[in-house]
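One structure is given here, and the rest of the page talks about it.
Chains as they are written, first to last, in our numbering: chain A, 14 to 363; chain B, 14 to 363.
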């Protein structure tokens, strides 16, 4: 059976490196994945227009092969002082412990939207071969402009209804994010609980009703997972945690070690406490201590701004108990190897 | 690669019909699955010793092929009057609406344990080829007695740590229940949240560390799921929802129709409200109305006894809003067909 997706984006392996935001997807990581026949992807979620362009150009300097980029679609939010004050109160013990200061500058929704459109323009100007979106579906003109420039567009969905909405929007393919996935949930129509569907159930029901190519994401760490995703009907697998611990990844060393050293008694869990949006990571003190108030915290990205100083200070202090240690449900197979070694394991090992 | 599990239990297809309790697994269902080359299983969770024997003998009358049975391992619980009174209060609106009476007789843990040992003796006397256990690991003498009689024993686990405990207990194989699964969660070391791991992540990490055969359960509805489970390293797949809607299944017609007519806006969810133990089913009024108090309700099986009259009355009134509509995360592929037709689809369709 011809693989529509691989042909469309001209890659030889059904492997997409998940566009993890926040400095993980270095140009070296992205270019190495593409060089090895997969699709490397820049996680541009927290970048402005100029850094987005810079990052794209660095990847281009590292590979002539196709690569992609991911943008966060802004969701309307308000800067609510009372919520922010309550959140600051909840964060105080961590700020004191880590000797960091309070943040008082927040980006408005209008500014966030402006940055998003700057990014969109950069992606179009730089003709990035593939652009995926998370947290929603961009306005029709964004999708249209990209498609007119020959950019392959990919949406992110967590339920069949969301997949149908992505298809309806005219995007070329859809990443189905299973409940196994590390990092932020991509739900935008479903609530978080409704969005927690395992890939074994999610992929078949999606490919039965959606005509565009489906990419499976969540808990896939090795060749077995890629094969299983293909059996279920996916045309490719998107792997995050497996690439996060690679030598070329820009993830903090503490973060990498936390994943590599996961013990049986450790667990991953969902939390809103770091960013205001539910995400899966290794459970630590911060998540546990914020558990009771997490649903009263400000929305993304306000809470993300609020916790920034705590997360940075924790990283500098080698304190994994206050860092966001995003991780999928299958960290056991993670290895501290190069992208080249990982890609070979993903396609060659029997 | 030889399939150790299939050889050990002498079946030709890597398909196990999940032992759904509460009247679903009629002798006809169980025998038909075994006749078609899979492993039919009696869900004996709510039966006493004599009905267990009766059910086994009925299956034997329907097939000469191997079949299995599942027993609930009793977990210590107390009859706490204050909790029961609060639960009765919460149930009142439903009891009034459905014109049913309050239950005042509860089985003690000691009685439950006695019934369990009666069942164990029946299984041994009747030499049922396969016996699986849910909700925990039985005492060593139970496992030993069964193994001495040549009965193949299977544990149920939801995490790697639970799978290792099953292996350590001496059981012959382990069912790994993914977060996709319908019905009761089988967690016994992990808490419910920790137990919610998707099969895509759960199976590889288990087969890498456990030597006994692994069976995948949860969200598997068709050939694609079975193949995927095998790619991940499972030796067989256990299917519940797919068999629940079969013509031979004893599930209430309302329950079957609720699954067959699942719409995009419907959802499955976990609830403790029906039985005192978390289970996945189609969300309805009962689950929603009990949401706020569900974690204050008595433990299994007390809450199960308390809701019995409501569930029965609802079934008699064709009122699916107060019935427990257990269902996995992939109901879309459910069909009202015979076991024979389903088994052919599971192995033959390309």
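Beta carbons: idealized from backbone N, C-alpha and C, even for Gly.
Measure the C-alpha to C-alpha separation of residue i and residue j and round it to an integer number of angstroms.
i                      : j                      : result
residue 287 of chain A : residue 337 of chain A : 7 angstroms
residue 122 of chain B : residue 115 of chain B : 21 angstroms
residue 91 of chain A  : residue 298 of chain A : 28 angstroms
residue 347 of chain A : residue 218 of chain B : 11 angstroms
residue 50 of chain A  : residue 334 of chain A : 37 angstroms
residue 363 of chain B : residue 32 of chain A  : Note that residue 363 of chain B scores a pLDDT of 43, beneath 50, so its modelled location is shaky; the value from the coordinates is reported in the next line. Using only the alpha carbons, I get a separation of about 34 angstroms.
residue 232 of chain B : residue 113 of chain A : 46 angstroms
residue 177 of chain B : residue 36 of chain B  : 31 angstroms
residue 305 of chain A : residue 103 of chain A : 10 angstroms
residue 52 of chain A  : residue 230 of chain B : 32 angstroms
residue 283 of chain A : residue 62 of chain B  : 43 angstroms
residue 355 of chain A : residue 239 of chain A : 13 angstroms
residue 148 of chain B : residue 128 of chain B : 16 angstroms
residue 70 of chain B  : residue 30 of chain B  : 18 angstroms
residue 203 of chain A : residue 280 of chain B : 10 angstroms
residue 158 of chain B : residue 360 of chain A : 46 angstroms
residue 254 of chain B : residue 292 of chain B : 13 angstroms
residue 78 of chain A  : residue 86 of chain A  : 26 angstroms
If we cut at 9 angstroms on Cβ distances, does residue i have a partner in chain B?
i                      : result
residue 168 of chain A : no
residue 221 of chain A : yes
residue 207 of chain A : yes
residue 278 of chain A : yes
residue 237 of chain A : yes
residue 28 of chain A  : no
residue 144 of chain A : no
residue 229 of chain A : yes
residue 341 of chain A : yes
Counting only C-beta atoms, is residue i closer than 9 angstroms to chain D at any point?
i                      : result
residue 182 of chain B : Absent from the structure: chain D. Protein chains present are A and B.
Since residue i is in the beta strand (DSSP E), which residue starts that stretch and which ends it?
i                      : result
residue 293 of chain B : 292-295
residue 189 of chain A : 186-190
residue 143 of chain A : 143-147
residue 69 of chain B  : From DSSP, residue 69 of chain B is part of no beta strand (DSSP E) but of the alpha helix (DSSP H) over 62-75.
residue 83 of chain A  : 80-85
residue 29 of chain B  : 28-30
residue 54 of chain B  : 53-56
residue 283 of chain A : 281-284
Check whether chain A comes within 9 angstroms of residue i, counting only Cβ atoms and requiring the distance to be less than that.
i                      : result
residue 98 of chain B  : no
residue 103 of chain B : no
residue 282 of chain B : yes
residue 17 of chain B  : no
residue 240 of chain B : yes
residue 198 of chain B : no
residue 192 of chain B : yes
residue 214 of chain B : yes
residue 234 of chain B : yes
residue 218 of chain B : yes
residue 111 of chain B : no
residue 259 of chain B : no
residue 210 of chain B : yes
residue 271 of chain B : no
Can you tell which of the options has its C-alpha closest to the C-alpha of residue i?
i                      : options                    : result
residue 186 of chain B : B/17, B/361, B/357         : B/17
residue 117 of chain B : B/315, B/350, B/161        : B/315
residue 250 of chain B : B/257, B/242, B/256        : B/242
residue 27 of chain A  : A/226, A/325, A/293, A/264 : A/226
residue 46 of chain B  : B/322, B/274, B/76         : B/76
residue 247 of chain A : A/224, A/256, A/269        : A/224
residue 1 of chain A   : A/149, A/94, A/157         : Chain A is shown from 14 up to 363; residue 1 of chain A falls before or after that span and cannot be answered.
residue 206 of chain B : B/25, B/285, B/39, B/319   : B/285
residue 261 of chain A : A/39, A/57, A/35           : A/39
residue 277 of chain B : B/151, B/60, B/342         : B/342
residue 179 of chain B : B/193, B/200, B/69         : B/200
residue 171 of chain B : B/99, B/213, B/125         : B/213
residue 194 of chain A : A/295, A/149, A/71         : A/295
residue 351 of chain B : B/292, B/25, B/43          : B/43
residue 190 of chain A : A/211, A/182, A/184, A/329 : A/211
residue 56 of chain B  : B/293, B/309, B/257        : B/257
Just to confirm the assignment, what range does the alpha helix (DSSP H) spanning residue i have?
i                      : result
residue 172 of chain A : Unbroken run through residue 172 of chain A: none, as it is neither H nor E.
residue 91 of chain B  : No alpha helix (DSSP H) contains residue 91 of chain B, which DSSP labels as neither H nor E.
residue 130 of chain B : 122-138
residue 278 of chain A : Element bounds for residue 278 of chain A: n/a, residue is neither H nor E.
Entirely within the region 193-259 of chain A and at least 4 residues each: give me those alpha helix (DSSP H) ranges in chain order.
212-220, 236-245, 254-257
Any beta strand (DSSP E) of 3 or more consecutive residues that is wholly inside the region 290-343 of chain B
292-295
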